[in-house]
Amino acid sequence: MEQPIISCRDVCFSYHNLKGETLALDHISFQVDKGEFIAIVGPSGCGKSTLLSVIAGLLTPESGEVILDQTKEIRVGYMLQQDHLLEWRSIWKNVLLGPEITGTLTREKEQLAEQLLHDYGLYKFKDKKPGELSGGMKQRAALIRTMVMEPALLLLDEPFSALDYQTRLMVSSDIGSIIRKSGITAILITHDLSEAISLADRILVLTKRPAAIKRTIPVKLTLAEQSPLAARNAPEFNDLFTLLWKEISDEYTGENN
Numbered sequence: 135m136e137q138p139i140i141s142c143r144d145v146c147f148s149y150h151n152l153k154g155e156t157l158a159l160d161h162i163s164f165q166v167d168k169g170e171f172i173a174i175v176g177p178s179g180c181g182k183s184t185l186l187s188v189i190a191g192l193l194t195p196e197s198g199e200v201i202l203d204q205t206k207e208i209r210v211g212y213m214l215q216q217d218h219l220l221e222w223r224s225i226w227k228n229v230l231l232g233p234e235i236t237g238t239l240t241r242e243k244e245q246l247a248e249q250l251l252h253d254y255g256l257y258k259f260k261d262k263k264p265g266e267l268s269g270g271m272k273q274r275a276a277l278i279r280t281m282v283m284e285p286a287l288l289l290l291d292e293p294f295s296a297l298d299y300q301t302r303l304m305v306s307s308d309i310g311s312i313i314r315k316s317g318i319t320a321i322l323i324t325h326d327l328s329e330a331i332s333l334a335d336r337i338l339v340l341t342k343r344p345a346a347i348k349r350t351i352p353v354k355l356t357l358a359e360q361s362p363l364a365a366r367n368a369p370e371f372n373d374l375f376t377l378l379w380k381e382i383s384d385e386y387t388g389e390n391n
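Read in order, the letters of the sequence shown are residues 135 to 391 in the working numbering.
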């Protein structure tokens with residue numbers, strides 16, 4: 135049986151300041167298999183982004199551990215809420231920033247960047263500056279910049295939250311389809327329950343802070359067309375949305391029945 139690409143085992147994390155400590159993550163345990171798309175939802179401020187930072191290795195858990203599959207090299211890509219493209223560089227130069235910094239810029243990387251720009255409809259804009267692109271196009275460029283590094287695990291911290299609603303629908307659907315076709319394992323943090331249902335194979339629901347895993351909900355939709363936009367019309371969609379809404383709203387009201 136293939137090893138999970140990542141396992142979180144009994145992870146705890148607290149923030150410390152002069153007034154004391156605040157427990158953010160409380161004995162979090164789960165694993166993600168290769169090719170899975172996991173969404174993590176929960177009340178505002180519960181610690182979703184903290185958990186993603188621990189998984190990325192940006193924060194060290196106080197107890198427990200995060201284990202990456204040791205049988206192969208696992209590169210981790212991290213896509214943030216903002217695109218963070220450098221305005222003084224062209225889209226082409228932004229996309230190649232990672233290989234430049236890591237000293238891995240080769241002709242093969244350039245060919246991969248060219249292919250990704252073609253595939254995602256940005257090749258003719260490669261010499262433009264970020265300010266000349268729409269918000270959705272900039273998010274695609276940010277994803278290409280991440281994928282040029284060929285990550286096996288992609289962490290997405292509310293990457294569509296800065297977009298207007300209509301653009302968010304289209305871009306999240308496009309990027310979700312791109313990730314699916316690439317076979318990359320992905321973990322998405324989102325406040326948008328519809329987005330979580332339409333993109334994920336499985337949804338982890340966190341409690342209010344300190345965050346613990348309240349429930350794991352598998353997403354199995356009956357679809358004639360396999361796409362995140364089509365998923366919103368699946369017959370199971372509304373029931374899943376209602377279930378998620380109740381799980382999270384109960385955390386706000388304190389009713390955990």
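Where is the CB? At the ideal position from N, CA and C, for every residue including glycine.
V411 versus R366, T350, A345, V353, residue with shortest Cα-Cα distance: Since the first residue shown for the chain is 135 and the last is 391, residue 411 is missing from the structure and cannot be characterised.
Kindly identify the DSSP beta-bridge partner or partners of G154. N151
Express the C-alpha separation of D167 and V229 in angstroms, rounding to a whole number. 28 Å
Same chain, Cβ closer than 7 Å to P177, neighbours up to 5 away in sequence not counted: K342, I382, E385, Y386
Let me know the secondary structure DSSP gives I208 once reduced to three states. coil
Does any residue of chain D have a CB that is nearer than 9 Å to the CB of L277? Structure shown: chain D not included; a single protein chain is present.
Nonlocal neighbours in the same chain, by C-beta distance under 6 Å from E389, ignoring five residues either side: Low local confidence applies: a pLDDT of 48 at E389 is under 50, so the model's placement there is unreliable, with the coordinate-based value given in what follows. Answer for E389: no residue qualifies.
Would you tell me roughly how many angstroms separate the C-alpha atoms of A365 and S311, rounded to the nearest one? 12 Å
So, is E136 buried or exposed, given that buried needs 16 or more other C-beta atoms within 10 angstroms? exposed
Within the stretch 281 to 341, ranges of the alpha helix (DSSP H) (whole runs, at least 4 residues): 299 to 316, 327 to 333
Check whether L287 and V210 have beta carbons under 9 Å apart: yes
Starting from E199, follow its DSSP beta bridges and name the residues at the other end. R143
CB A190 to CB L289, shorter than 9 Å? yes
Count the other CB atoms within 10 Å of the CB of R274; is the residue buried (16 or more) or exposed (fewer)? buried
Work out the CA separation of P264 and Q216 for me, nearest whole Å. 12 Å
Let me check one thing: in DSSP terms, what residues is F164 bridge-paired to? C142
Rounded to whole angstroms, what's the CA-CA distance from E292 to E242? Just pull it up for me. 30 Å
Roughly how many angstroms separate the alpha carbons of V188 and M271, rounded to a whole number? 29 Å
Can you name, in chain order, every residue of its own chain whose Cβ lies under 6 Å from the Cβ of W226, other than the five neighbours on each side? K260
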